[in-house]
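In my numbering, the protein residues as written are 338 to 399. What follows is one structure encoded as structure tokens, with my remarks underneath.
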């Protein structure tokens, strides 16, 4: 899957979100970018993994 396909898929997924969910996602992505710049990509990915685990209702191993 190339970048254009990935972008289209993400846009389709985002279109299913409510305005509140979209605002929350925007804050999460912005904060992850800040963490990536200050602490490194691995830390940002670990934070996103923890958020994903919380949303899935399971304990994170990150």
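Just so it is clear, CB atoms sit at the ideal spot from N, CA and C, and this is done for glycine as well.
Taking the C-alpha atoms as reference points, what is the distance between residue 361 and residue 347? 16 Å
Is the beta carbon of residue 388 closer than 8 Å to that of residue 365? yes
Roughly how many whole angstroms lie between the Cα atoms of residue 352 and residue 363? 13 Å
Checking 8 Å against the spacing of the C-beta atoms, do residue 369 and residue 383 come in under that value? no
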